[in-house]
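Residue numbers (the working numbering): 829 to 1045.
Input: a single structure, listed below in structure tokens.
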Amino acid sequence: MRASQRAQRPVGSSTTATTGARAHGLPSVQKLRGAGIILACCAWACTAGADTLTGNLQSQIQLTAGCMIAGSSGAASGVNFGTLDFGTRPSTFTGTVQASASGGESVSGPTQLVCSPDVLGISIQVGPGNYAGLGGAIGAGTRAMRNGNTAAYIPYDVFRDSGHTQVYPLAAAINGIAVPANGAAFPLPIYGQINKTDPTALPAGMYMDTLQVTVTY
């Protein structure tokens, strides 16, 4: 009986394999199957959140047509158009002295305007200043600068062109001033001229005036 039982037991049965695996420190078949299930679960967990969400994100900016002093922040009011600086002359001078706007928005050099290519033309109005019509006995000019220490005036005019042929009116704008079509900067078209015809000497000191400038586009 014992011999027949031994003969019926297959060689390399699971009992022997399991016992041998344990003896050699190897994992059992059941453990390997469990590990396979765990690995499969981990793989599913890693790919479960890998779905994608796709679409479009639009970017945009709207630009408006306008003009500004070159180098400025683009403010529309309280703009510093610079100075018509006629320099220094002796108090006995006579003749003409000319100046163009410079130092606009605190930038050195000539005051320049920049307009978008959509702007085809502008109008400019230059106010009468503080002392319009005074100092006529000294020379020609619709506006005047005043000596801050004395009641002395030097008349002057402001022109739309550097050739000093078109005077800015005291209470009206000059329309149809052309601007570059490519949006490039161009000199502010305001030019000053003193024409002192009387040889009488004037009191020394600083003569000043303030002009209100409006650019419409």
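All C-beta atoms, glycine included, are put in the ideal place defined by N, C-alpha and C.
None of these values were measured; they are calculated from a predicted model.
Where residue i falls: helix, strand or coil (DSSP)
| i | result |
| --- | --- |
| Ser934 | helix |
| Arg974 | strand |
| Asn884 | coil |
| Ser990 | coil |
| Ala968 | strand |
| Ile982 | strand |
| Pro997 | coil |
Status (buried if at least 16 other CB within 10 Å, exposed otherwise) for residue i
| i | result |
| --- | --- |
| Ile950 | buried |
| Leu962 | buried |
| Asp1037 | buried |
| Leu912 | buried |
| Thr939 | buried |
| Ile1022 | buried |
| Ile952 | buried |
Residue range of the beta strand (DSSP E) that includes residue i
| i | result |
| --- | --- |
| Asn1010 | Note, Asn1010: premise wrong, no beta strand (DSSP E); not H, not E. |
| Tyr1019 | Tyr1019 to Lys1024 |
| Gln953 | Gly949 to Val954 |
| Met896 | Cys895 to Ile897 |
| Asn958 | Taken as a continuous stretch (DSSP letters only), Asn958 belongs to no beta strand (DSSP E), as it is neither H nor E. |
| Ile1002 | Ala1001 to Ala1006 |
| Thr1042 | Val1041 to Thr1044 |
| Val942 | Gln940 to Cys943 |
Alpha-carbon spacing of residue i relative to residue j, whole angstroms
| i | j | result |
| --- | --- | --- |
| Arg837 | Thr880 | Because Arg837 sits at a pLDDT of 46, beneath the cut-off of 50, its placement in the model cannot be relied upon, and the following sentence gives the value as read from the coordinates. Whole-angstrom Cα-Cα distance: 57 Å. |
| Gly991 | Met896 | 24 Å |
| Thr1028 | Val954 | 29 Å |
| Ala980 | Arg974 | 6 Å |
| Ser944 | Leu1030 | 45 Å |
| Gly1004 | Ala1032 | 40 Å |
| Thr970 | Pro997 | 9 Å |
| Lys1024 | Val1007 | 33 Å |
| Ala1000 | Phe921 | 32 Å |
| Gly964 | Ala929 | 24 Å |
| Thr882 | Phe909 | 52 Å |
| Phe987 | Ile889 | 39 Å |
| Gly923 | Tyr984 | 12 Å |
| Ala898 | Ala972 | 28 Å |
| Leu885 | Gln1040 | 47 Å |
Per DSSP, cross-strand counterpart(s) of residue i
| i | result |
| --- | --- |
| Thr911 | Ser930 |
| Met1036 | Arg974 |
| Thr924 | Asn1023 |
CB contact check: residue i to chain C, cutoff 8 Å
| i | result |
| --- | --- |
| Ala893 | Looking for chain C here will not work: only one protein chain is present. |
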